[in-house]
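Worksheet for the structure shown next.
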Amino acid sequence: MPTDPYAWIEESLATIHRADWYRSVQTINGLPGATVFLEGREVINFASNDYLGLAGDQRLIAAATIATEEFGAGATGSRLLSGHRELHRDLERAIALLKQTQDALVFSSGYLANLGAISAIVGKRDLILSDQYNHCSLKNGAILSGATIIEYPHCDVEALRTKLSQQRQNYRRCLIITDSVFSMDGDLCPLPALLEIADEFSCMLLIDEAHATGVLGNTGAGCVEHFGCRGSQLIQIGTLSKALGSLGGYLAGSKNLIDFLRNRAPTWIYTTALSPADVAAALTAIKIVQQEPQRRIQLWQNVVQLKQMIQQQLPELKLLPSSSPILCFELSSAADALKAAQHLKSSGIFAPAIRPPTVPTSRIRISIMATHNLTHIEKLVEALSSM
Ligand code: PMP
């Protein structure tokens, strides 16, 4: 008698439920912003990556609409076949200018940029050193590459140095990969020290600026600008979907690297090009990022304001170290994190519980936006106080 080959799915779901790790979507209606309609009720939005409030900006919407009318709803093919428009190149030039690199390449998402780039530039004979807290797309890119992967303890440059001095000579190429702003913690990678080590051991260094682009640095170029490392021999990945309010990913680096990836990155070659609407919205967002620094200034004022209020009024909160608009506080279990998120939601605050296996310890993750006002921040603190 044949058994049901899909029976394991129900058992796996039951295991996920038992651990309080079950995830489900929550429906948002209307334009994204500092407040959103969540399941029909207006709540203050501390769950979004839209740090500068651009996803609902009328200028991005207008650019996307015009591009759709002019070029169509879809790109119709991969970049190397029928999908390439001059607009894609305009966006790549704008990214390269922002990042002060020789060139840039746009992917369909940040996730795909990491998969494609890492798996193209290292292989079986190579070594990857990966920060333990790296985003899933960096980790999966590393696995896909077939290289030997060594994880180093989070931001621990001495441990990284030790591992390199033991292992570097056994491999052909070596690539260090790290988030620049760690997405589920909010702290920054020690970029200047990483560059030094990369130089000392002849390693390539790839940083993922997903949460830093538009947010860090005087012109919004990211962690590289924040640390004064712009123009260095780095490979910079990022996304168009967070502070830039659109969709897509990018890689910024040398002309040769970009040229190589156009020929060797499967997640760029074998997928449909970004839609004209996404490209036009991202292009408009980059202009706004450069022309309206007041958005970034307001964002950082909000971050300082919230941190001060938490320090003064809620010293018992277990805040994780953060140097970004991402603030997380730890809870002792996944069930407690879910309860806290539910309490916040019923108090009109949207801030998600993040649980294993995404992170090692359960937490509430708060993302601050430039478009939050003092009342929004006060209401968050009030809701946190009554937890
Ligand atoms: N890298 C990091 C650090 C991220 O946080 C994310 C998104 N969560 C990505 C890459 C993926 O970016 P995208 O959403 O554009 O695929």
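Residues in the sequence shown are numbered from 1 upward in steps of one, following UniProt numbering.
Ideal placement from N, C-alpha and C gives every residue a C-beta, glycine not left out.
These numbers were taken from a predicted model, which means no experiment stands behind them.
Delimiting residues of the alpha helix (DSSP H) encompassing residue i
i	result
S130	Note, S130: premise wrong, no alpha helix (DSSP H); beta strand (DSSP E) at L127 to D131.
E11	A7 to R18
E196	L191 to E200
H376	L374 to S385
G141	C136 to S145
N302	P293 to Q313
W268	P266 to I269
Which of helix, strand or coil DSSP assigns to residue i
i	result
I368	coil
residue 389	For the chain, the structure presents residues 1 to 387; residue 389 sits outside this window and is missing.
F260	helix
L188	strand
C155	coil
T284	helix
T3	coil
L319	strand
Host beta strand (DSSP E) of residue i (start-end)
i	result
F37	T35 to L38
T148	T148 to Y152
Cβ-heavy atom distance, residue i to ligand 3, below 8 Å
i	result
T271	Within the structure as shown, ligand 3 is missing, the only ligands being ligand 1.
In DSSP terms, what residue i is bridged to
i	result
F46	Bridge partners of F46: none, in fact.
R363	E330 and I354
D179	D208
R41	L38
N29	F37
T272	S78
Within the region 202 to 252, note down every full alpha helix (DSSP H) run reaching 4 residues or more, in order along the chain. 223 to 226
Output the residue ranges of the alpha helix (DSSP H) runs that lie fully inside the region 52 to 116 and measure 4 residues or longer, sorted by chain position. 58 to 71 and 86 to 99
By C-beta, the residues closer than 5 Å to any heavy atom of ligand 1, given in chain order: S109, G110, Y111, H135, S137, D179, S183, D208, A210, T239, S241 and G249
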